[in-house]
Amino acid sequence: MSRATQVAKLADREKTAGRLLKSSADKFYDPDIDIDWDAEIPADLSFHPEHRISLYGTELWDRMTPQQRLELGKHEIASIASTGIFFEVLLMQMLLKQVYKHDPTTDHVHYLLAEIADECRHSTMFGKACKRFGVPAYGPRKWVKQLAKVLPVLGRGPSAYAAILVAEEVLDRMQRENMVDPGLQPLIRMVNRIHVLEEARHVTFARQEVVQGMAKAGRFARSYHRLLTAVVSYFVALSLVNPEVYRAVGLDPKQAWKAAKNNPHFQETMRYWGERIMKFLAETDLVGGPGTVLWRRSMLLAK
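The opening residue of the sequence shown carries number 842 in this note's numbering; numbering runs sequentially from there.
Okay, here's the thing in structure tokens:
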């Protein structure tokens, strides 16, 4: 890459960062102030749309009572939210590494710090929501948490941003639907609305980093980024619903999780949640090769 091209790309990065910083100042939410955590939890409203619950349409679902279905939706949304916390923490680690390596006087670094501040508030917001609803913060299974410790070491460049984008954009697609659903709890809708509005900046920034990174990646680097993105995204997708949520409604976790993974309705939900990010990843040459089998097993890519 020529010196002139490098300067142009840095200028473009600074321009984007400056615009996003202005947006951060204009659209800023503090969950401690902007959410009424003591508000009533209506007994007749759902926590998660029924048709998006993992067991919807299965024989197990047909045998469940309306109260069990409502309860399962509450525990699944808690699992998704707490898994979101986990991946936001990983993102913050990677962003801090970028701050450490770059000029702290630039808008680029200032935006990185602004995004870290956003993610701190989001993680707090998700944790407070789980606490308010009286459900565990399930998060990913223990072995996934242990395996994820290597991501900040292995993840670099476009694959680092791409893998986190999968977690963020899958949640974003889900939350855009939920935040306008009058049948859901007001607290759920408000949490989703705040996250969607602020996460739009993060997606814009990360997508630009992916596009620029892949544009200058060589053949070997492209293969590496494709495979790492597929591996991490596979664990992201399969971590959204922790099988322990089924125990809360009297179901065997192994049996119920097997039914969920084989459930055409849930498979279609996962494809819907991942539709936008999968299109973007395909356009940037991050889908293909040996990782394709993992994309299909994640249910984000049609078989």
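C-beta: ideal position from N, C-alpha, C; glycine also. The structure presented is a predicted model; accordingly, all values stated were derived computationally and were not measured.
So, do the segment 1035 to 1048 and the segment 1097 to 1116 have three or more beta carbon pairs nearer to each other than 8 Å?
no
What residue range is occupied by the uninterrupted alpha helix (DSSP H) comprising I957?
D948 to F974
Considering only the beta carbon of each residue, do G1132 and R1063 sit closer than 8 Å?
no
Run of the alpha helix (DSSP H) containing T924, from where it starts to where it stops:
P907 to K942
Can you give me the Cβ contacts of Y1065 inside the same chain, cut-off strictly under 6 Å, excluding the 5 residues immediately before and after it?
none
I want to know whether the segment 1024 to 1031 touches the segment 1069 to 1082 - three or more CB-CB distances under 8 Å.
Flag = no, the segment 1024 to 1031 and the segment 1069 to 1082 do not touch.
Per DSSP, which residues does L1152 bridge with? Please list them.
Residue 1152 cannot be examined here, being either before or after the span of the chain that is shown, 842 to 1144.
Quick one: residues in its chain with C-beta nearer than 6 Å to the C-beta of F1107, no 5 flanking neighbours on either side, listed in chain order?
S895 and A1101
Tell me, to the nearest whole angstrom, how far the beta carbon of I876 is from that of M1031; I am working on the premise that it is less than 8 Å.
By a beta-carbon distance limit of 8 Å, I876 contacts M1031. Their separation comes to about 6 Å.
What residue range does the alpha helix (DSSP H) around G898 cover?
No alpha helix (DSSP H) holds G898; DSSP gives it neither H nor E.
Is R854 helix, strand or coil by DSSP?
helix
Classify Y941: buried if its beta carbon has 16 or more other beta carbons within 10 angstroms, exposed otherwise.
exposed
Counting along the chain, where does the alpha helix (DSSP H) carrying A1062 start and finish?
R1060 to S1080
May I ask you to check if the CB of R860 is nearer than 7 Å to at least one heavy atom of the ligand MN?
Among the ligands in the structure shown, none appear at all, so the ligand MN cannot be discussed.
Taking Cβ to Cβ, would you say R1117 is nearer than 8 Å to A1143?
no
Quick check on V1021: buried or exposed, where buried means 16 or more other Cβ atoms within 10 Å of its Cβ?
exposed
By the 10 Å Cβ neighbour count, where 16 or more other Cβ atoms means buried, how is A880 classified, buried or exposed?
exposed
Quick check on this structure: which residue in A1097, E1109 and K986 has the alpha carbon closest to the alpha carbon of L931?
K986
Checking the sheet assignment: what are the DSSP bridge partners for S887?
L1025
Check whether the segment 936 to 956 and the segment 884 to 895 are in contact - that is, three or more C-beta pairs closer than 8 Å.
no
Exposed or buried, which one is L971 when buried takes at least 16 other CB atoms within 10 Å?
Residue identity check: residue 971 is Cys in the sequence provided, not Leu. Classification of C971: buried, given that the 10 Å Cβ count is 16 or more.
For W1136, the three-state DSSP class (helix, strand or coil)
Residue state, collapsed to three classes: helix.
Extent of the continuous alpha helix (DSSP H) run through D875:
Counting along the chain, D875 sits inside the alpha helix (DSSP H) bounded by residues P872 to D875.
Could you give the DSSP three-state label for K1144: helix, strand or coil?
coil
A858 to S1139 span [Cα, whole Å]:
32 Å
Measure the beta-carbon distance from W878 to K938 and round it to whole angstroms, keeping in mind my assumption that it falls under 8 Å.
About 33 Å; that fails the 8 Å criterion.
Buried or exposed for T899, going by 16 or more other Cβ atoms inside 10 Å?
buried
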